[in-house]
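As structure tokens, the structure follows; a few thoughts come after it.
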Amino acid sequence: MALRCDLIIRNATVFDGLGGPRFTADVGVNGDRIVAVGDLGASEADREVYADGMALAPGFIDAHTHDDRAVLCGPACMLCKMSQGVTTVVVGNCGISLSPVRMKSRPVPPLDLLGDETWFAFDSFAEYAERLRRDPSPVNTYALIGHMSLRIEAMNGDTQRGATDREAAHMQARLRQALAEGASGFSTGLYYPPNMMAPTDEVIAVAEALRATGGLYVTHMRDEANDVLQSIEETLKIGKAVDVPVVISHHKCSMPENFGRSVETLPLIDQAAAGQQVDFDVYPYAAGSTVLMPHRLREDVPVQITWSVPHPELAGRMLADIAKEWGLDPKAAAERLVPAGAIYFQMDETDVQRIMSHRLAMIGSDGLPHDAYPHPRLWGTFPRVLGHYARDLKLFSLEEAVRKMTGHTATVFGIVDRGMIRVGAYADLVLFDPDKVRDASTYDAPTRPAEGILETWINGQSAYVFDAGATKARAGRLVTRNQL
Ligand code: ZN
Ligand code: CU
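Under the numbering used here, residues 946 to 1429 are what the sequence shown spells out, in order.
Now the structure itself:
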């Protein structure tokens, strides 16, 4: 049967996103949907792309981002993601979300990862969603609501303690409202100073709002170092208490004395997965990045500065070098640099690979888009998994790499009709060269765009073209759990 399409991508090596073996086919798109997969020799389109030998995959879903503000800033802000083939971002991670809270003074770290108080201007998730509708992003947005943002409002800034029952009830009500307005889950960052004061019971009381909608509980756990097993237990307990799926954020075993302990954490997660839904995201690097925390510095963990309010000129430098120049110890130097951000070289490559290879792993960048000198994961995560880990190291097949970025992630988050290539699915697509795809960003040159990503389409619109950069398309939508 001959079809008339808006777009046909011909003779592509198709990865279905579900882990099935690659196959050669033409893919036809009309409007925002895939309308045909197969031999479209008799069909024509307004635009035909000859893909011969190139890989066509569902657009990548970045399972862990801090793009709450970046999605409001137009195509230039999302170039870091579209140039990797990312078409959907999960925002609001680690307990940090732009809504629903208004702020009059600089937010406390790590909330300030998203910007200063002028960005915290959305009293409800509905206001945030309305802004996205009026001024759309090129990428699709899937939103979590952050515990820290809820706490600041409910506790009136007095967050160095557990919430009272009344305050927890207020947070629960605000979360329930946000879920009704299009948010999809609840995130915590129990590792971070004010939030670590929240006992498990407080988290359960707030998360209770998830039960009715089955929204996800997503967590940067209380501890990823010595107490990582207890933290996994706490996460599982919270999920069970309110009967919702849980996602462990950027799973890792942190600090030298815990290197190798993914042989303990992964079996614990496997065992739990038999009785409740639990998954995790991971980024493909042995260094993390967050705000600079002087009281948590260690001699055996090198630190690189990513931004500093009092000393912007020092972004990119090693803390040890700065300290030496100033004639200070690293902690005292760090005190002078805050508010600031940092990269911490605190993981073991063997753990990173073992965690990434696990069947439950989703790829999430955890990129920090407003850092002056960001961790290279912001620009490199997805091509690094495809090129370095799947193709070069053969850690897993390219089919499996794509599944960890698309179909598996869509299933976990309940993102309907995305993350796969089949008739009827949304036309979120990425065309890449499987022999050339690789990350080009490094700790020394962190914003170099990836190589081998040829074109990215979002809801049927071309959003990124290699060499030309971001197009003017702004076809992204708010995507809500289990909704068409
Ligand atoms: Zn985190
Ligand atoms: Cu994060």
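Positions of the beta carbon are idealized from the N, C-alpha and C atoms, including for glycine.
If you're wondering where the values come from, they're calculated on a predicted model, not measured in any experiment.
Exercise for the section: Kindly list the residues whose CB is nearer than 6 Å to the CB of S1253, restricted to its own chain and excluding five residues on each side of it in sequence; keep chain order. Expected result: As a first step, residue 1253 is located in the sequence shown; it is residue number 308 there, counting from the start. L1259, L1282 and A1285.
Problem - Alpha carbon of S1207 to alpha carbon of I1300, nearest angstrom - result: Counting from one through the sequence shown, the residue named residue 1207 turns up at place 262. Counting from one through the sequence shown, the residue named residue 1300 turns up at place 355. Straight-line Cα distance between these residues: approximately 7 Å.
Exercise for the section: Give the secondary structure of V1016 by DSSP, where H, G and I count as helix, E and B as strand, and everything else as coil. Expected result: Your numbering for residue 1016 matches position 71 in the sequence shown. V1016 falls in the helix class under three-state DSSP.
Practice task
Whole angstroms is fine: what's the gap from M1200's alpha carbon to D984's?
Solution key: Working through the sequence shown from its first residue, we reach residue 1200 at position 255. Working through the sequence shown from its first residue, we reach residue 984 at position 39. In a straight line, the C-alpha of M1200 is about 53 Å away from that of D984.
Handout entry: Inter-residue spacing [alpha-carbon to alpha-carbon] between T1158 and L1089
Key = Within the sequence shown, residue 1158 is the residue found at index 213, counting from 1. Within the sequence shown, residue 1089 is the residue found at index 144, counting from 1. Their Cα atoms are separated by approximately 13 Å.
Problem - Cut-off 8 Å between Cβ atoms - residues of its own chain near L1340, not counting five sequence neighbours on either side - result: In the sequence shown, the residue the question calls residue 1340 occupies position 395. Closer than 8 Å at the Cβ level, and outside the excluded window around L1340, lie Q1298, M1301, S1302 and Y1334.
Practice task
Would you list the residues whose beta-carbon is nearer than 5 Å to any heavy atom of ligand 2, in the order they occur in the chain?
Solution key: Here the residues close to ligand 2, judged by CB distance below 5 Å to any of its heavy atoms, are N1038, C1039 and D1311 in chain order.
Handout entry: Which residues DSSP lists as bridging W1402, in chain order
Key = Stepping through the sequence shown from its first residue, residue 1402 is reached at position 457. Answer by DSSP bridge pairing, in chain order: L1374 and S1407.
Handout entry: C-beta contact flag for T1401 and A1390 at 8 Å
Key = Here residue 1401 refers to the residue found at position 456 when the sequence shown is read from its first residue. Here residue 1390 refers to the residue found at position 445 when the sequence shown is read from its first residue. No, they are not a contact pair.
Practice task
Compare the beta carbon distance of A1413 and I1403 with 8 Å and say whether it is the shorter of the two.
Solution key: The residue given as residue 1413 occupies position 468 in the sequence shown. The residue given as residue 1403 occupies position 458 in the sequence shown. Not closer than 8 Å, so no.
Handout entry: Validate contact between the stretch 967-980 and the stretch 1004-1020 using beta carbons, cut 8 Å, 3 pairs
Key = Segments in contact, no.
Handout entry: G1134: CB within 7 Å of a non-hydrogen atom of ligand 1
Key = The residue you call residue 1134 lines up with position 189 of the sequence shown. Relative to ligand 1, the beta carbon of G1134 is positioned inside 7 Å of a heavy atom.
Exercise for the section: Report the residue from G1405, V1046, R1383 and T1387 whose alpha carbon sits nearest the alpha carbon of E1396. Expected result: Indexing the sequence shown from 1 puts residue 1396 at position 451. Of the residues G1405, V1046, R1383 and T1387, the one whose Cα lies closest to the Cα of E1396 is R1383.
Problem - Which listed residue (H1315, G1040, G1160 and S1386) has its alpha carbon closest to that of Q1222 - result: Position 277 of the sequence shown holds residue 1222. Per the Cα distances, G1160.
Exercise for the section: Using three-state DSSP, classify Q1291 as helix, strand or coil. Expected result: Here residue 1291 refers to the residue found at position 346 when the sequence shown is read from its first residue. DSSP, reduced to helix, strand and coil, places Q1291 outside both helices and strands of the structure shown, so it counts as coil.
Exercise for the section: May I ask you to verify whether the stretch 1263-1277 touches the stretch 966-973, counting CB pairs closer than 8 Å and requiring at least 3? Expected result: Counting Cβ pairs under 8 Å, fewer than three are found: no touch.
Handout entry: Residue burial classification, Y995 (beta-carbon count within 10 angstroms, cutoff 16)
Key = For the purposes of this step, residue 995 is identified with residue 50 of the sequence shown, where counting begins at 1. By the Cβ-count criterion, Y995 is exposed, with fewer than 16 other Cβ atoms from all chains shown falling within 10 Å of its own Cβ.
Handout entry: Where Y1162 sits in the DSSP three-state scheme
Key = Position 217 of the sequence shown, counted from the start, is the residue given in the question as residue 1162. It is a strand residue.
Problem - Contact under 8 Å by Cβ, P1003 with R1363 - result: What you label residue 1003 is simply residue 58 of the sequence shown in a count that begins at 1. What you label residue 1363 is simply residue 418 of the sequence shown in a count that begins at 1. The answer is yes: Cβ separation under 8 Å.
Handout entry: Distance CB(T1164)-CB(S1194) smaller than 8 Å
Key = Residue 1164 sits at position 219 when you count from the first residue of the sequence shown. Residue 1194 sits at position 249 when you count from the first residue of the sequence shown. With respect to the 8 Å criterion, T1164 and S1194 are classified as neighbours on the basis of their beta carbons.
Problem - C-alpha gap between A1071 and N956, whole angstroms - result: Within the sequence shown, numbered from 1, the residue matching residue 1071 stands at position 126. Within the sequence shown, numbered from 1, the residue matching residue 956 stands at position 11. Between A1071 and N956, the C-alpha separation is close to 43 Å.
Practice task
Report the partner residues of W1252 according to the DSSP bridge assignment.
Solution key: In the sequence shown, counting from the first residue as 1, residue 1252 sits at position 307. G1286, per the DSSP bridge assignment.
Practice task
Examine ligand 1 and report whether any of its heavy atoms sits within less than 7 Å of the Cβ of H1195.
Solution key: Along the sequence shown, read from residue 1 onward, the residue named residue 1195 stands at position 250. H1195 has its Cβ nearer than 7 Å to a heavy atom of ligand 1.
Handout entry: Near ligand 1: H1165 beta-carbon under 7 Å from a heavy atom
Key = Within the sequence shown, residue 1165 is the residue found at index 220, counting from 1. Yes, the beta carbon of H1165 sits closer than 7 Å to at least one heavy atom of ligand 1.
Practice task
Give the single residue among R1156, F1290 and E993 whose Cα lies nearest to the Cα of R1243.
Solution key: Locating residue 1243 in the sequence shown gives position 298, where the first residue counts as 1. Comparing Cα-Cα distances from R1243 to each of R1156, F1290 and E993, the minimum goes to F1290.
Exercise for the section: Kindly indicate which residue of T1086, Q1117 and V1330 has the alpha-carbon position closest to the one of A1150. Expected result: Here residue 1150 is taken as the residue at index 205 of the sequence shown, counted from 1. Ranking T1086, Q1117 and V1330 by CA distance to the CA of A1150 puts Q1117 first.
Handout entry: Of the listed residues L1135, A1015, R1047 and Y1388, nearest to A1232 (C-alpha basis)
Key = For the purposes of this step, residue 1232 is taken as the residue at position 287 of the sequence shown. By alpha-carbon distance to A1232, the top candidate from L1135, A1015, R1047 and Y1388 is Y1388.
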